[in-house]
Every structure is written in structure tokens, then in C-alpha cells.
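Quick note on numbering: the sequence shown equals residues 245 to 504 in the numbering used here. Where is the CB? At the ideal position from N, CA and C, for every residue including glycine. The block underneath contains the structure these notes are about, expressed in C-alpha cells.
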Amino acid sequence: MKVSGIQLDVMYNQPKENFEKVHSSINQLMEKEKPDVILLPEMWNVSFFPDELEGVADYEGTETRALLSRLAKEHAVNIVGGSVATKYDGHFYNTSYVYNREGQLVHTYHKVHLFSPANEHEKFKRGDHLGLVEMDGVKVGIATCYDLRFVEWIRLMALKGMEVLFVPAAWPHPRLQVWQTLLKARAIENQIYVVGVNTCGATDDLKFCGHSAVISPLGKVITELNESEETFTENLDLSKLKGIRKDIGVFKDRRPELYH
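In C-alpha cells form, the structure reads like this:
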């Protein structure tokens with residue numbers, strides 16, 4: 245599986261400009277690379293996150309879904325659409341959309357673990373289902389930013405056959421080392437590839453730390469960006485997973501009857 249990530253400096257509370265940036269970034273990437281999957285960062289339509297979401301959150305994801313569907317079909321590429329601020333039935337959500345190569349919506353994930361230190365839980369409604377979907381015959385998972393800290397949540401997807409975890413984020417300084425450590429930990433403990441795409445740049449209150457990365461199932465950093473707008477493209481050798489899991493039988497040696 246060939247994966248590309250687009251690390252963006254998202255413009256605060258300016259959805260029109262951010263939609264244009266995502267559109268051009270995907271087109272530019274596809275001119276020079278031919279990935280199987282593209283991953284975008286968290287909250288790329290408005291950044292993380294405006295005090296007033298009314299009028300800037302994407303109503304039922306209409307504009308986001310139209311853009312990602314068109315680009316996925318046009319380029320015959322799977323898109324894990326990071327996440328955007330949306331509004332459904334009077335509630336705001338931090339929403340990820342996944343599109344296949346035909347431009348069909350194959351999964352919608354509302355962020356489950358909302359970042360209470362920033363009062364995200366007061367602005368947004370929590371999701372209630374796993375971000376697990378099949379892509380080109382491979383089971384992949386989505387964990388949005390703060391979701392990454394919740395070991396049980398990621399393990400549930402691994403137990404259901406996840407081979408690649410995609411992590412869109414808006415992760416700020418001074419927690420860069422936490423971001424780097426958790427990406428590696430989730431990869432090692434679940435024996436999966438982890439692909440994390442963060443934002444960069446800053447708002448009045450936050451400076452995002454970038455460092456989007458791809459981590460192997462053994463915790464090796466395959467690639468890691470800096471703190472500016474840039475992209476990566478890497479090949480994930482999924483055939484290695486079987487051997488890694490055979491050598492160290494983490495799943496076989498579990499004792500779930502004691503985990504209460």
C-alpha cells in the first residue's frame with residue numbers, strides 16, 4: 245500500500261481558503277506521485293477550533309463530501325479525508341470521511357474522544373463507533389488526534405484485523421515528544437503500520453508541531469516531516485505483518501479473561 249500524507253498550515257476560521265488549499269494540494273501531489281491512499285490532517289476546514297462554529301462548520305459535510313468524492317474519482321485514489329468541523333441535527337462533530345477510488349463514501353467517523361483540556365467536548369458531540377473500514381482489501385482504522393491516547397480503542401480495531409492506522413491530528417507544542425512516542429507505541433503494541441498526519445503553523449493560541457510520520461510495526465520511523473507545509477509518500481509492505489506477528493505472538497499470548 246502506497247500512502248501519501250499532506251501536512252498543512254490550516255488557516256484559522258477560513259474554510260473557503262482551506263478548501264482551495266486542499267484541492268490544489270491533492271492535485272499537485274497526484275501530478276508527481278501515484279499513491280493508493282491520501283491522508284489529510286484534523287480540522288482542515290477551520291483549524292482547531294473556532295469559538296463560533298455556526299456558519300463555518302460544514303453542514304452535513306456537504307462541501308467536504310463533494311470535494312473529496314470528486315478528487316477521489318478523478319485521480320482513482322482512496323482518500324482518508326482527515327477531519328472537518330461538521331453540523332448534523334443541531335450538533336457539531338469532528339468528522340472524518342473516507343472515499344474509495346470510485347469516489348464513493350465508504351465510511352464516516354465522528355471523533356470519539358474529545359479533548360476536554362481545550363473544552364472540545366463542550367463544542368462538539370462525541371461519536372460512538374469505531375473508525376474501521378476496508379480499503380483495497382486491507383482493513384484500516386482511523387483515530388483522530390486525542391483518540392491516539394486511548395489504548396483500548398486502538399486495540400479494539402487491531403483485534404478486528406486492522407493492519408494500518410491513520411491518525412489525522414492537530415497536535416500542538418509543547419507535546420511534540422508525546423505525539424512521536426504515541427505513534428510508535430501504537431504501532432509496536434498492535435504490530436501495525438501507523439500513518440500520522442498533523443497540521444503545522446499556528447493560531448492565536450496554539451502552535452502546531454507538524455512532524456507527520458509513518459511508523460513500522462516494529463516502531464521504526466520510516467519517514468518524518470518537519471514543521472512546514474510538505475508531503476510524504478511511502479510504500480507499506482503489508483506482507484511483513486504476518487512474520488512480525490509470528491515472531492512475537494502478542495495477540496496469541498493475550499489473557500483477555502483477566503483484563504477486567
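| Check | Outcome |
| --- | --- |
| For residue 341 and residue 325, believed in contact at Cβ under 8 angstroms, the rounded distance | 4 angstroms |
| Neighbourhood of residue 399 by C-beta, 7 angstroms cutoff - its chain only, sequence neighbours within 5 removed | 434 |
| Where residue 338 sits in the DSSP three-state scheme | strand |
| Exposure label - residue 418; buried when at least 16 CB within 10 Å | exposed |
| N-terminal and C-terminal residue of the beta strand (DSSP E) that residue 383 is part of | 382 to 386 |
| Sequence-distant residues of its chain with Cβ nearer than 6 angstroms to residue 290 (five each side left out) | 257, 259, 300, 329 |
| Cα-Cα separation, residue 310 to residue 496 | 43 angstroms |
| Check whether residue 463 and residue 432 have beta carbons under 8 angstroms apart | yes |
| According to DSSP, residues forming a beta bridge with residue 282 | 248, 323 |
| Reference residue 285; option with closest CA among 334, 454, 370, 500 | 454 |
| C-beta atoms of residue 439 and residue 406 nearer than 8 angstroms | no |
| Cα-Cα separation between residue 318 and residue 268, rounded to whole angstroms | 13 angstroms |
| Reference residue 277, options 494, 479, 485, 498, closest by Cα | 479 |
| Exposure of residue 425, with buried meaning 16 or more beta-carbon neighbours within 10 Å | exposed |
| C-beta atoms of residue 273 and residue 447 nearer than 8 angstroms | no |
| Strand pairing of residue 379, partner residues [DSSP] | 382 |
| Proximity of residue 313 and residue 282 at Cβ, strictly below 8 angstroms | no |
| Distance, residue 391 Cα to residue 361 Cα | 14 angstroms |
| As assigned by DSSP and simplified to three states, the class of residue 389 | helix |
| Residue 351 - partner residues in DSSP beta bridges | 342 |
| Range covered by the beta strand (DSSP E) that runs through residue 409 | 408 to 412 |
| Nearest candidate by alpha-carbon position, reference residue 375, set 404, 287, 467, 423 | 404 |
| Beta-carbon separation (whole angstroms), residue 452 vs residue 416, contact threshold 8 angstroms | 5 angstroms |
| Endpoints, the beta strand (DSSP E) within which residue 330 is located | 328 to 332 |
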